[in-house]
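Heads up: the structure comes next, in structure tokens.
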Amino acid sequence: MFKGGNKREELLRFLKEKAGHASDTAVQELKGASFSVYLFYIKSICDTDKIQEQLVKPFFQLQDETGYKKYICSLSGISELEDRGQALKDLMRGSAILLFRETFYVLQLKKYISQGVKDATVETTIQGPQTALSEDLGTNLNIIRHRYHKTSLTVEENEIGSVSGLGLLLLYDKEKIEADILQGVKDKIESIKASQKIVQSAGEIHRMLTPREKTLFPVFMITERTDRIALNLAQGKIVILIEGSPFGLILPAVFFDFMSSMEDLYQPYWVSRFLITLRYLGLFISLLLPGLYVAITSYNPEVFQVQLALGIAGSRSSVPYPSYLEVLFMLIMMELLTEASIRLPKSIGSTATTVGGLILGQAATEAGLVSNIMIIIVSAVAISNFVIPINEMSFSMRVMKYVILLLAAMTGMIGLVIGLMGLLLFLVRLDSFGKPYLKMFFGEGSKQ
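For the sequence shown, the UniProt record's numbering begins at 1 and goes up steadily by one.
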């Protein structure tokens, strides 16, 4: 225990310096006739009702120093602090710290929020935490603080949208964040506040923060997973939460982030590396296979073995139009089925699209509109696209494959190579708040 001299003022300064920067940190002074006490607690993870009932009300009811000290010592779960480092740890884990004269007590008053907390539905994992963000800022902050206990976690409150006026939280680790990135984000948020726009979701903030208004690839990540948020905070990134949206915005974000799943952290090393390899393989199949099929069948059939080339030519003998129209027709049908599965009610969406896809593929083949191999190619492209773990990157690649298909239809394999090199050059030029888009790792948390 700390006693004598300036120990009281010393710990007061220490706690305010280490934890007072967060907007949800409460420092409360209770003044009586002959003595006073200080209360420290984190509002988002402490049960404020219990603090009022067990600590504040008895203080004003007893109004006696000796009686209040006896009452404090009689509380269940109360303990005296021996180390100020431990005091910080207890504070960040949901305890209330009571400063009484030169003696400091810690009382476990952690708040658990279960109402409104749902499981992750967009970024699902087999192992690992299943908790997702909710539409309430207080609930989200509670969940994140239970996962990220560092005292350097800074929470800044703000308001976004001059019309909607929704609450916004800016979260970052002040020991890891780069000052220029933080200032750039704050300047962007201030510019959004000045504009006469309605903001209702993390996706809208993503579009407003993006340097280029019309862009294809996401440079910030939208997530619902609290474990991903905690990981990115440890890597020195910024998290933006908005009132009424069950998704958070993580920035900066690089290409590698969109191809990684939280499942990679929970699987054995070689299993996770195998899964990452599968994702990149699926990315290339989804991006290049339609254009590759058109380029080979229309310009370079000699690439295939004779038997395979004759088989493809035989299956296409009844198709009345060029291969690029065949591919385009089936890809558009697949896009329509994918969109239908999203818009239909969940109870019938998967069934309707599965049956629709089977009927459409069989009927198109029998009618001579597409070849048999085209059904295989479109199915492989659709399955490969679903392997990409983050939807924003998946949507971008769905669009990009049509650009490569067009180039391949115009100039064959040369167009395919030009499209791939052009995509690579475009990604090299991209950055996310100054961070190169094709940088493989970001922050200290990735060094593992």
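C-beta atoms are modelled at their ideal positions from N, C-alpha and C, and glycine is treated no differently.
{"Check": "With DSSP collapsed to three states, give me the class of residue 331.", "Outcome": "helix"}
{"Check": "On the premise that residue 322 lies in contact with residue 298, defined as a C-beta separation below 8 Å, what is that separation, rounded to the nearest angstrom?", "Outcome": "7 Å"}
{"Check": "Give the DSSP-derived three-state secondary structure of residue 213 in the structure shown.", "Outcome": "coil"}
{"Check": "Per DSSP, which one or two residues make a beta bridge with residue 37?", "Outcome": "30 and 100"}
{"Check": "CB residue 113 to CB residue 78, shorter than 9 Å?", "Outcome": "no"}
{"Check": "Identify, in the order they occur along the chain, each residue of the same chain with its Cβ nearer than 6 Å to the Cβ of residue 263, setting aside the five sequence neighbours on each side.", "Outcome": "125"}
{"Check": "Between residue 109 and residue 42, what straight-line distance do the alpha-carbon atoms span, to the nearest angstrom?", "Outcome": "10 Å"}
{"Check": "For residue 102, which of 8, 227, 427 and 426 has the nearest alpha-carbon?", "Outcome": "8"}
{"Check": "Under a three-way DSSP split, which group does residue 158 fall into?", "Outcome": "strand"}
{"Check": "Touch check for the region 167–177 and the region 210–217: three-plus C-beta pairs under 8 Å?", "Outcome": "no"}
{"Check": "List the endpoints of the continuous beta strand (DSSP E) containing residue 79.", "Outcome": "78–80"}
{"Check": "In whole angstroms, give me the CA-to-CA distance for residue 431 and residue 302.", "Outcome": "41 Å"}
{"Check": "Whole angstroms is fine: what's the gap from residue 153's alpha carbon to residue 239's?", "Outcome": "11 Å"}
{"Check": "With a 10 Å radius around its C-beta and 16 neighbouring C-beta atoms as the bar for buried, classify residue 231 as buried or exposed.", "Outcome": "buried"}
{"Check": "Tell me, please, whether the region 268–284 touches the region 387–397 by the rule of three or more beta-carbon pairs shorter than 8 Å.", "Outcome": "yes"}
{"Check": "Would you call the region 85–92 and the region 122–141 in contact, with 3 or more CB pairs under 8 Å?", "Outcome": "no"}
{"Check": "Within this structure, are the beta carbons of residue 127 and residue 120 separated by less than 9 Å?", "Outcome": "no"}
{"Check": "At what residue ranges does the region 177–248 contain a whole run of the alpha helix (DSSP H), taking only runs of 4 or more?", "Outcome": "179–194, 202–209 and 226–234"}
{"Check": "Count Cβ pairs between the region 368–376 and the region 308–320 that sit closer than 8 Å; are there 3 or more?", "Outcome": "yes"}
{"Check": "Where residue 362 and residue 352 are concerned, what is the direct C-alpha to C-alpha distance, given to the nearest angstrom?", "Outcome": "16 Å"}
{"Check": "Compute the Euclidean distance between the alpha carbons of residue 395 and residue 356, then round it to the nearest angstrom.", "Outcome": "22 Å"}
{"Check": "Using alpha carbons as the reference points, say which of 160, 219, 215 and 178 lies closest to residue 201.", "Outcome": "160"}
{"Check": "Who are the Cβ neighbours of residue 304 in its own chain at under 8 Å, not counting the five residues just before and after it?", "Outcome": "296 and 312"}
{"Check": "Have a look at 271, 408 and 205 and flag the residue whose alpha-carbon is nearest the alpha-carbon of residue 290.", "Outcome": "408"}
{"Check": "Just checking my contact of residue 107 with residue 38 at CB under 8 Å: how many whole Å lie between their CB atoms?", "Outcome": "About 13 Å separates the two Cβ atoms, so there is no contact after all."}
{"Check": "Alpha carbon to alpha carbon, how far is residue 191 from residue 204? Give it in angstroms, no decimals.", "Outcome": "14 Å"}
{"Check": "So what does DSSP say about residue 390, is it helix, strand or coil?", "Outcome": "coil"}
{"Check": "On the DSSP bridge list, what partners appear for residue 49?", "Outcome": "Paired residues: none, contrary to the question."}
{"Check": "Indicate, with yes or no, if the ligand ZN has a heavy atom lying under 8 Å from the CB of residue 323.", "Outcome": "The ligand content of the structure shown is nil, which means the ligand ZN is not present either."}
{"Check": "Determine the extent of the beta strand (DSSP E) in which residue 172 is found, giving its start and end residues.", "Outcome": "166–173"}
{"Check": "Report yes or no: do the region 175–188 and the region 256–275 share at least 3 C-beta pairs separated by less than 8 Å?", "Outcome": "no"}
{"Check": "Can you tell me whether residue 269 is helix, strand or coil according to DSSP?", "Outcome": "helix"}
{"Check": "Per DSSP, what kind of secondary structure is residue 109 in: helix, strand or coil?", "Outcome": "coil"}
{"Check": "Enumerate in chain order the residues of its own chain whose CB-to-CB distance from residue 434 is below 8 Å, with the five nearest sequence positions on each side excluded.", "Outcome": "180, 181, 184 and 252"}
{"Check": "Please report the distance separating the alpha-carbon of residue 344 from that of residue 354.", "Outcome": "13 Å"}
{"Check": "Can you look up residue 153 in the DSSP assignment and give me helix, strand or coil?", "Outcome": "strand"}
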